[in-house]
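**Q** Top to bottom, those sequences are chains A and B. Following our numbering, the numbering of the first sequence begins with 1 at its first residue and continues without gaps. Following our numbering, the numbering of the second sequence begins with 351 at its first residue and continues without gaps. Note that beta-carbon positions come from the ideal geometry of N, C-alpha and C, so glycine has one too. This one's a predicted model, so the numbers in the text were calculated from it and none came from an experiment. Below: one structure in structure tokens.
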Amino acid sequence: MPNTVTVIEPGLSVVQDLGRVGASRVGQMSAGALDQYGASAANTLVGNPVGAALVEVTAFDFSAVTAVDRIIAVTGAVADITIDGLPQEQWEPILWLRGHRLSIRRIRAGLRVYLAIHGDVVSRRLLGSCAPDTVLGFGEQLGAGTTLTIEDDCPVPRHFYFGVPFFRLGADRHPTRPPWEVDVTDGPDIAEFGGTLERLTETCYTVGPASNHIGLRLAPGGAAPVPQRDRRTEVLSRGVPIGAVEVPDGNEILVLHRGRGVTAGYPVLAVVTTTGLSRLGQAAPGDTVQFRRVSVDAAVSAYRAQQHRLDQLRGRVRTVFASLRLPTHFDTVPQPAATPTAQPLFKESA
Amino acid sequence: MSAQLQIVDCGDSAVRVACLDPDRERAWRAVHLLAGVLGRRSDEHITSAIATYDAVLIEFDCAATHHAAVKQLVESADLRSVQTEDIRSARVFTVPVVYGGHQGPDLQLVADQQGLRTDEVIAIHTAHPLVMRCYGSPGGAPMLDGPDFPLPVPRRSSPRPHVEAGAVAVAGRQAVISARPAPGGWAVIGHTPLSLVDVDREPLSVFRPGDAFQFVAVDEQQWDGLAGRGLDA
Numbered sequence: 001m002p003n004t005v006t007v008i009e010p011g012l013s014v015v016q017d018l019g020r021v022g023a024s025r026v027g028q029m030s031a032g033a034l035d036q037y038g039a040s041a042a043n044t045l046v047g048n049p050v051g052a053a054l055v056e057v058t059a060f061d062f063s064a065v066t067a068v069d070r071i072i073a074v075t076g077a078v079a080d081i082t083i084d085g086l087p088q089e090q091w092e093p094i095l096w097l098r099g100h101r102l103s104i105r106r107i108r109a110g111l112r113v114y115l116a117i118h119g120d121v122v123s124r125r126l127l128g129s130c131a132p133d134t135v136l137g138f139g140e141q142l143g144a145g146t147t148l149t150i151e152d153d154c155p156v157p158r159h160f161y162f163g164v165p166f167f168r169l170g171a172d173r174h175p176t177r178p179p180w181e182v183d184v185t186d187g188p189d190i191a192e193f194g195g196t197l198e199r200l201t202e203t204c205y206t207v208g209p210a211s212n213h214i215g216l217r218l219a220p221g222g223a224a225p226v227p228q229r230d231r232r233t234e235v236l237s238r239g240v241p242i243g244a245v246e247v248p249d250g251n252e253i254l255v256l257h258r259g260r261g262v263t264a265g266y267p268v269l270a271v272v273t274t275t276g277l278s279r280l281g282q283a284a285p286g287d288t289v290q291f292r293r294v295s296v297d298a299a300v301s302a303y304r305a306q307q308h309r310l311d312q313l314r315g316r317v318r319t320v321f322a323s324l325r326l327p328t329h330f331d332t333v334p335q336p337a338a339t340p341t342a343q344p345l346f347k348e349s350a
Numbered sequence: 351m352s353a354q355l356q357i358v359d360c361g362d363s364a365v366r367v368a369c370l371d372p373d374r375e376r377a378w379r380a381v382h383l384l385a386g387v388l389g390r391r392s393d394e395h396i397t398s399a400i401a402t403y404d405a406v407l408i409e410f411d412c413a414a415t416h417h418a419a420v421k422q423l424v425e426s427a428d429l430r431s432v433q434t435e436d437i438r439s440a441r442v443f444t445v446p447v448v449y450g451g452h453q454g455p456d457l458q459l460v461a462d463q464q465g466l467r468t469d470e471v472i473a474i475h476t477a478h479p480l481v482m483r484c485y486g487s488p489g490g491a492p493m494l495d496g497p498d499f500p501l502p503v504p505r506r507s508s509p510r511p512h513v514e515a516g517a518v519a520v521a522g523r524q525a526v527i528s529a530r531p532a533p534g535g536w537a538v539i540g541h542t543p544l545s546l547v548d549v550d551r552e553p554l555s556v557f558r559p560g561d562a563f564q565f566v567a568v569d570e571q572q573w574d575g576l577a578g579r580g581l582d583a
């Protein structure tokens, strides 16, 4: 039997993963799921490594059928999830039986839904990752009739009670809904903005329509002023962190996300935290964002706490799956984001 | 060496290390050496290092390490070889370019601005190999030292909404070859039919900071025979 999932309504969907982080050293964007937490949780809930390939559905309705029984999990933005018309739980493993139609509809309170499938989605890789890169023209939108092959070894237990949730693993449901609270730390060039960072935090910002995976453009509410540079010196091109907050001309700010160009000559006012970037990955055009200034230590602690809860979830999945004789693959599928093997410019000293 | 390095936090998962050495060549070497040495320390949870002119951004997994540990690695990195010119022999790539006309719409503009004839602009641009200093955006374009024009080249007052991959452009004291299509405000003086970055090739791109690019003028008639080929050293 073909080990496939066939897309019926593609909406705006791609095969995605956590991206190719090390690619920035050869000048390429990191790419990958903008809500890294949502994607990681989805994979964890089905016993996959966090970096396994999964389906990212953005904004529009999606549906598909599977040729074999599967265990899946749907996380990210709030949406109506049904299988052959029956409502399903988000943020828990669910059963998707062969021939049945999975629908993801009415995506709201967020922008991106992650559909993880137990097993390994066969996908083309570039520098170790299947993440689409729009600049390089890598990766494809799924279309009606697109067939995904998922290598799987999972004998799905069929004895379950209709309407009764099969699993109750209690993953943290992040994010919630707008206004999105997004933490930032002071950027490396904050001194160039003469104390105007407060303008970032003392008013809400609205996500503009020209926002995407490269960056989000946000305008302050009530036409309040944005932070301003107090000098106009040319800046040498430098490496740009994911989450960099820049202030281009015009009364808006630019927050660079995972599709950012890796080098640029613009001063960096602030940097969105790693947990904040996952939330921002759910912010849709028109949503409001409330920035909050935190210390680097607080940002690190927040990320570690989130990772710790994912570790705990992984432990619960391992226990529950083992009791059901379902295999988990937390460590077996190669992690993406493999560092490209560019030679160093210089010989290393002995 | 560490006295000349300034390390500053760049969010929860990166630090920026700037080299304050007033000798720009030495600063460039230092930050690229650091990137080469530290960029692959996955054992220390460093995920990437992006070196440009005077700075390197070091990215790491802050769930597994922390800023102080990364700063310690930077400060203890052995940069003595910066002084000893311990650099691998750079490669020189030959890049055929069709100058002027629709392939280089700003050639005349640059000539006028420099007070030169167009053939003199081409002669200066092809006079010697131009050194790649870092990767640029988008798509990892090679950022090169500019040719020896008498004056810096001003940027276009309004950027073009679309510049094709392969565009050969100059601005200020810099030069570039576009890797991927993008908007652009630099003066486009020519186009190369070669393909610099190709997802169907391994590796994705063959050039690295320290390599050099020798431009060579070719006729429009030679375009089709060269189109889509990769770079050759």
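(1) Note down the Cα distance separating P502 of chain B from P248 of chain A, rounded to an integer number of angstroms.
(2) Per DSSP, I150 of chain A is paired with what?
(3) Do the region 56–70 of chain A and the region 2–13 of chain A touch if we need at least three Cβ pairs shorter than 8 Å?
(4) Taking all protein chains shown into account, decide if H478 of chain B is buried (16 or more other Cβ within 10 angstroms of its Cβ) or exposed.
(5) Beta carbons nearer than 8 Å to chain A: which residues of the region 476–500 of chain B have them?
(6) Going straight from the alpha carbon of V432 of chain B to that of R376 of chain B, what length do you get?
(7) Quick check on the burial criterion: 16 or more other C-beta atoms within 10 angstroms. Buried or exposed for D120 of chain A?
(8) Give me the Cα-Cα distance between A298 of chain A and Q90 of chain A, rounded to the nearest whole angstrom.
(9) Which residues in the same chain have their Cβ closer than 7 Å to the Cβ of S398 of chain B, if we skip the five residues on either side of it in sequence?
(10) Runs of 3 residues minimum, wholly inside the region 236–310 of chain A: which ones carry the beta strand (DSSP E) assignment?
(11) For L169 of chain A, which residues from the same chain have a beta carbon less than 8 Å from its beta carbon, with the 5 sequence-adjacent residues on both sides left out?
(12) Assuming T288 of chain A and P178 of chain A are in contact, meaning their beta carbons sit under 8 Å apart, how far apart are those beta carbons, in whole angstroms?
(13) By the 10 Å Cβ neighbour count, where 16 or more other Cβ atoms means buried, how is T233 of chain A classified, buried or exposed?
(14) Quick check on S507 of chain B - is its C-beta less than 9 Å from some C-beta in chain C?
(15) Can you list, in chain order, the residues of its chain whose CB lies under 8 Å from that of V566 of chain B, leaving out five sequence neighbours each side?
(16) Can you tell me whether DSSP reads W91 of chain A as helix, strand or coil?
(17) Tell me the rounded alpha-carbon separation between R217 of chain A and P209 of chain A.
(18) Measuring CB to CB, does G465 of chain B end up less than 9 Å from R505 of chain B?
(19) Would you mind stating whether V481 of chain B and A562 of chain B have Cβ atoms separated by less than 9 Å?
(20) Please list, in chain order, the chain B residues whose beta carbon lies closer than 8 Å to that of R314 of chain A.
(21) Alpha carbons only, please: which of B:L576, B:Q564 and B:R558 is nearest the one belonging to I400 of chain B?
(22) With C-beta atoms as the reference, is V245 of chain A less than 9 Å away from V272 of chain A?
(23) What first and last residue would you give for the beta strand (DSSP E) that runs through W536 of chain B?
(24) Determine the direct distance from the alpha carbon of A33 of chain A to that of Q16 of chain A, and round the result to whole angstroms.
(25) Using a Cβ-Cβ cutoff of less than 7 Å, which residues in the same chain neighbour V156 of chain A once the five nearest sequence positions on both sides are dropped?
(26) Going along chain A in order, which residues have a C-beta closer than 9 Å to the C-beta of V566 of chain B?
(27) Per DSSP, which residues does Y37 of chain A bridge with? Please list them.
(28) Which residue's Cα is closest to the Cα of G145 of chain A: A:T274, A:I104, A:V5 and A:Q307?
(29) Below 8 Å, how does it come out for the region 542–555 of chain B and the region 130–141 of chain A: are there three or more Cβ pairs, yes or no?
(30) Consider the Cβ of D186 of chain A: report whether some Cβ of chain B lies at a distance smaller than 9 Å.
(31) So that I know if they touch, is there some Cβ in chain B lying closer than 9 Å to that of V262 of chain A?
(32) Would you decide whether Q88 of chain A is buried or exposed? Buried here means 16 or more other CB atoms lie within 10 Å of its CB.
(33) Listed from N- to C-terminal order along the chain, which residues in the region 261–283 of chain A have their beta-carbon within a distance smaller than 8 Å of any beta-carbon of chain B?
(34) Who are the Cβ neighbours of P531 of chain B in its own chain at under 7 Å, not counting the five residues just before and after it?
(35) Using C-beta distances below 6 Å, list every residue in its chain close to T108 of chain A, excluding the 5 sequence neighbours before and after it, in chain order.
**A** Reading from the atomic positions:
(1) 24 Å
(2) A:V121
(3) yes
(4) exposed
(5) C484, Y485, G486, S487, P488, G489, G490, A491 and M493
(6) In this predicted model, V432 of chain B has a pLDDT of only 48, less than 50, meaning its place in the structure is not dependable; the value taken from the coordinates is given anyway. So the alpha carbons of these two residues sit roughly 7 Å apart.
(7) buried
(8) 29 Å
(9) G389 and E409
(10) 244–246, 253–256, 270–272 and 288–293
(11) L45, E92, P93, L313, R316, V317 and V320
(12) 6 Å
(13) exposed
(14) Protein chains A and B are contained in the structure displayed, whereas chain C is not.
(15) T444, V445, P446, V447 and T476
(16) coil
(17) 8 Å
(18) no
(19) yes
(20) Near R314 of chain A there are no residues of chain B at all, since even the closest Cβ is about 14 Å away, more than 8 Å.
(21) B:R558
(22) yes
(23) No beta strand (DSSP E) contains W536 of chain B, which DSSP labels as neither H nor E.
(24) 6 Å
(25) D69, R70, I71 and L95
(26) Correct list: empty, because the minimum Cβ distance to chain A is about 24 Å.
(27) Y37 of chain A pairs with nothing; no bridge assigned.
(28) A:V5
(29) yes
(30) yes
(31) yes
(32) buried
(33) G261, V262, T263, A264, V268, V271, V272, T273 and T274
(34) H512, V513, E514 and A515
(35) For the sequence presented, residue 108 of chain A should be read as Arg rather than Thr. For R108 of chain A, where only same-chain residues beyond five positions count, the Cβ hits under 6 Å are V78.
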